[in-house]
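Residue numbers (the numbering used here), protein chains in the order written: chain A, 6 to 351; chain B, 265 to 444. We put the beta carbon where it would ideally sit given N, CA and C, even for glycine. Since the structure is predicted, the reported quantities are computational estimates derived from the model, not experimental observations.
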Amino acid sequence: MQPEAAVLLVGAAGSLVFAVVFGPARQPGILLLRGGVGLVAMALIAVAPDLDTALLVVLALAVLQGAIELNRGLAVRLRAPVFAISLVALALVLDRASGPAVLHRFAAVGIAAGLAAIVGLLPFMHEFDPAEAVSASPIGWMAFAGPIVAAVLVLDSRRLFTPDTDAVFAAILIGLGLLNALWGSVSAWVTEDGTAAWRYAFMSDWGLVLCGFGLTVADGQSAALLMLLSIVVCRLPLYLMSRPALREKTTTDRPVNLVVAAVLSGSAPFVGFAARVLLFRGATELFWPLGLVLAVSMLLWLPGSLRLGRTLGQPRGRQLVGIAIVLAVNTALGLYPLPVLSLAGT
Amino acid sequence: MIEGAAAFVAWLGASLVVLSDGRRGLSAGVAVAAVGLAGVAFEVSGPIAAASLLAGGLCAAALRWRSGPPGWKVMPPGSTGWLILCIASAIFGLWIAAAVMTGQGGGLRFAALVTVVMMGARILSARGGAAGLSAAATVALAIALAGALSPQAPGFEIYLAGAAVAVLITFVASEKTDAA
Chain A
6 MQPEAAVLLV GAAGSLVFAV VFGPARQPGI LLLRGGVGLV AMALIAVAPD
56 LDTALLVVLA LAVLQGAIEL NRGLAVRLRA PVFAISLVAL ALVLDRASGP
106 AVLHRFAAVG IAAGLAAIVG LLPFMHEFDP AEAVSASPIG WMAFAGPIVA
156 AVLVLDSRRL FTPDTDAVFA AILIGLGLLN ALWGSVSAWV TEDGTAAWRY
206 AFMSDWGLVL CGFGLTVADG QSAALLMLLS IVVCRLPLYL MSRPALREKT
256 TTDRPVNLVV AAVLSGSAPF VGFAARVLLF RGATELFWPL GLVLAVSMLL
306 WLPGSLRLGR TLGQPRGRQL VGIAIVLAVN TALGLYPLPV LSLAGT
Chain B
265 MIEGAAAFVA WLGASLVVLS DGRRGLSAGV AVAAVGLAGV AFEVSGPIAA
315 ASLLAGGLCA AALRWRSGPP GWKVMPPGST GWLILCIASA IFGLWIAAAV
365 MTGQGGGLRF AALVTVVMMG ARILSARGGA AGLSAAATVA LAIALAGALS
415 PQAPGFEIYL AGAAVAVLIT FVASEKTDAA
């Protein structure tokens, strides 16, 4: 098992336990069952001996998730993940066959596009129904299974690529990352629906993840891992906590809402800040104008995060304890990211 | 020679999946594609790999035969574009696999390429769950076969995994496709 995937798997398991214990789920048993099946599939993806086996598990997971709820129709729910898997499978065929270099470059395009399509990023956003259960919605791909799939896909495919192909792959990841970071952060700010704003915020975080993976320096890889971890152990639990208030369309401006906004925007001392510092350093090391663009795009997180912080409502009792735990974990990861990074081997 | 013929059969099965909307047409498509892919697997990876793919594909086809929109519905009105896609995929795939790519295993490359591309197109156009699941099951078989292109020759486990996923996909959601 890749150490990065192992760290993310532990984070996902922690998030699932958190959601069952502190989350507002009306049927925590069903959530635990669905999440448990997802975790088993994610573990199988992480220990898969090759990308083909991992793809088969992702395919099975996509169909299982698609069959949970049929509000949007099974064909519609299968469309994005199965298309993504077809793209990656095509890319693997192109990469493995001997032939001109252009075939391998197309393979890099296919893997990057497939990754965006599996997770549900631009230009392959999944259809989204705000009323859908989280386990059945595209958020499940963005925040629960997606991080492990992305880590396995990017790291495994990089082992197959030649240096020339890897450079193409990195450039595509950075391009897709910037597009998603800008689009997601602006959309999280201006969109009318609160649940859709959360979805765009996930997308903007993924933009930074892709940029991190695209930077071929150690800082970039570390930043990508920390951002993925922040999606799993920060944004996902907070999104789950905000679901009741989102349904009731209530917004509040209490101190806790501001602290949550700070966590979501990647302020110090939370884990998002450490990831952004590493990303900025890696980008400056590689090509300083990229660092400038990233710095400007990171400022766009602020208005969207303030808005998302308000959607949390007035947390009380068990919900407040849950939010305190999320804040504590994120502070610890932000202040001491090195143990996690060394565990992940980055 | 057998590899080339089997690759053609795989394309034929994939075309049936693309061009059918009824459960019988889809089932026949999955079965024919499985026979073709198993034929290619027999040439490149041996009888156990071929038997795994064949068993998985036929089981998935049998499950599909029992659920989904009734009838064959092969080439319903509005299928001209998809027929053109099938023919164009074959020509383009043949060119890529035989002329652009080099080395042994042209049939394997052709079968994997056209099956994956056509199923990717099918999933985008599928209006019902039965068609989407049939495409997904066929993709599972094709992914298993594509593993044979890897420099580290895979064992038969990947074929077993592909077959198991194809059956699982069709089995788990088989009851949810009737209304599609």
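Between the Cα of residue i and those of the options, spot the shortest distance and give me the residue it belongs to.
| i | options | result |
| --- | --- | --- |
| Asp171(A) | Leu92(A), Leu213(A), Pro274(A), Asp100(A) | Asp100(A) |
| Ala319(B) | Ala305(B), Arg373(B), Ala269(B) | Ala305(B) |
| Val52(A) | Leu332(A), Gly318(A), Met6(A) | Met6(A) |
| Ala376(B) | Ala274(B), Ile266(B), Gly426(B), Met265(B) | Ala274(B) |
| Val114(A) | Gly277(A), Leu241(A), Ala175(A), Leu245(A) | Ala175(A) |
| Gly419(B) | Pro54(A), Leu66(A), Val15(A), Ala118(A) | Pro54(A) |
| Trp203(A) | Ser190(A), Leu160(A), Phe285(A) | Ser190(A) |
| Trp211(A) | Thr221(A), Leu127(A), Leu251(A), Asp161(A) | Leu127(A) |
| Ala333(A) | Leu243(A), Ala94(A), Leu313(A) | Leu243(A) |
| Leu424(B) | Ala278(B), Leu280(B), Cys323(B) | Cys323(B) |
| Ala117(A) | Gly277(A), Pro135(A), Leu97(A), Gly145(A) | Leu97(A) |
| Ala186(A) | Ala266(A), Gln226(A), Ser270(A), Val265(A) | Ser270(A) |
| Leu343(A) | Ala223(A), Glu290(A), Arg252(A), Leu305(A) | Ala223(A) |
| Ala297(B) | Leu327(B), Leu283(B), Leu405(B), Gly396(B) | Leu405(B) |
| Ala136(A) | Arg77(A), Leu120(A), Ala267(A), Phe292(A) | Arg77(A) |
| Gln226(A) | Ala280(A), Thr200(A), Trp293(A) | Ala280(A) |
| Val139(A) | Ala80(A), Leu158(A), Leu245(A), Thr316(A) | Leu245(A) |
| Gly384(B) | Pro311(B), Gln368(B), Thr402(B) | Thr402(B) |
| Thr196(A) | Leu346(A), Leu313(A), Ser20(A), Leu317(A) | Leu313(A) |
| Ala106(A) | Pro168(A), Leu120(A), Arg163(A) | Pro168(A) |
| Leu251(A) | Leu37(A), Thr200(A), Val157(A) | Thr200(A) |
| Gly277(B) | Arg287(B), Ala427(B), Val299(B) | Val299(B) |
| Gln70(A) | Ala94(A), Ile123(A), Phe23(A) | Ile123(A) |
| Leu178(A) | Phe218(A), Glu74(A), Ala349(A) | Phe218(A) |
| Ala273(A) | Asn335(A), Leu61(A), Arg315(A), Ile236(A) | Asn335(A) |
Under a three-way DSSP split, which group does residue i fall into?
| i | result |
| --- | --- |
| Ser347(A) | helix |
| Ser343(B) | coil |
| His131(A) | coil |
| Asp210(A) | helix |
| Gly28(A) | coil |
| Thr336(A) | helix |
| Asp442(B) | At Asp442(B) the pLDDT is 48, less than 50, meaning the model places this residue with poor confidence; the figure from the coordinates comes in the next sentence. Here Asp442(B) sits in coil by DSSP. |
| Gln416(B) | coil |
| Tyr341(A) | coil |
| Asp224(A) | helix |
| Ala72(A) | coil |
| Phe306(B) | helix |
| Thr257(A) | coil |
| Glu290(A) | helix |
| Gln324(A) | helix |
| Phe166(A) | coil |
| Thr316(A) | coil |
| Ala94(A) | helix |
| Leu233(A) | helix |
| Pro54(A) | coil |
What does the Cβ neighbour count give for residue i, buried or exposed, with the cut at 16 atoms within 10 Å?
| i | result |
| --- | --- |
| Glu307(B) | buried |
| Met47(A) | buried |
| Leu83(A) | buried |
| Asp285(B) | buried |
| Ala85(A) | buried |
| Tyr341(A) | exposed |
| Arg373(B) | buried |
| Gly354(A) | Here chain A has residues from 6 to 351 only, and residue 354(A) is not among them. |
| Val173(A) | buried |
| Val294(B) | buried |
| Ser91(A) | buried |
| Ala443(B) | At Ala443(B), the pLDDT of 44 sits below 50, so the modelled position is not reliable and the matter cannot be decided from this model. |
| Thr344(B) | exposed |
| Leu183(A) | buried |
| Ile433(B) | buried |
| Asp258(A) | exposed |
| Gln324(A) | buried |
| Ser450(B) | The structure shown does not extend to residue 450(B), since chain B is modelled only from 265 to 444, so the question has no answer here. |
| Leu64(A) | buried |
Identify the residues that DSSP records as bridge partners of residue i: which are they?
| i | result |
| --- | --- |
| Val338(B) | Ser284(B) |
| Glu192(A) | Residue identity differs from the one stated: residue 192(A) is Ser in this sequence, not Glu. Ser192(A) pairs with nothing; no bridge assigned. |
| Ser103(A) | Thr366(B) |
| said: If the cut-off is 8 Å on Cβ atoms, which residues from the segment 374-400 of chain B count as contacting chain A, listed in chain order? | reply: Ala376, Leu377, Val380, Val381, Met383, Gly384, Ile387, Leu388, Ala390, Arg391, Gly392, Gly393, Ala395, Gly396, Leu397, Ala399, Ala400
| said: Using a Cβ-Cβ cutoff of 9 Å, what residues of the segment 245-268 of chain A are near chain B? List them in chain order. | reply: none
| Contact residues within the segment 151-162 of chain A, judged by C-beta distance below 9 Å to chain B | none
| said: Short of 8 Å Cβ to Cβ, which residues in the segment 77-95 of chain A face chain B? | reply: Gly78, Leu79, Ala80, Leu83, Arg84, Val87, Phe88, Ile90, Ser91, Leu92, Ala94, Leu95
| message | Which residues of the segment 53-66 of chain A have a Cβ closer than 7 Å to any Cβ of chain B? Give them in chain order. | response | Asp55, Asp57, Thr58, Leu60, Leu61, Leu64, Ala65
| Within 7 Å of chain B by C-beta, residues of the segment 27-55 of chain A in sequence order | Asp55
| What are the residues of the segment 358-375 of chain B that lie near chain A, defined by any Cβ-Cβ distance shorter than 9 Å? | Ile360, Ala361, Val364, Met365, Thr366, Gly367, Gly369, Arg373
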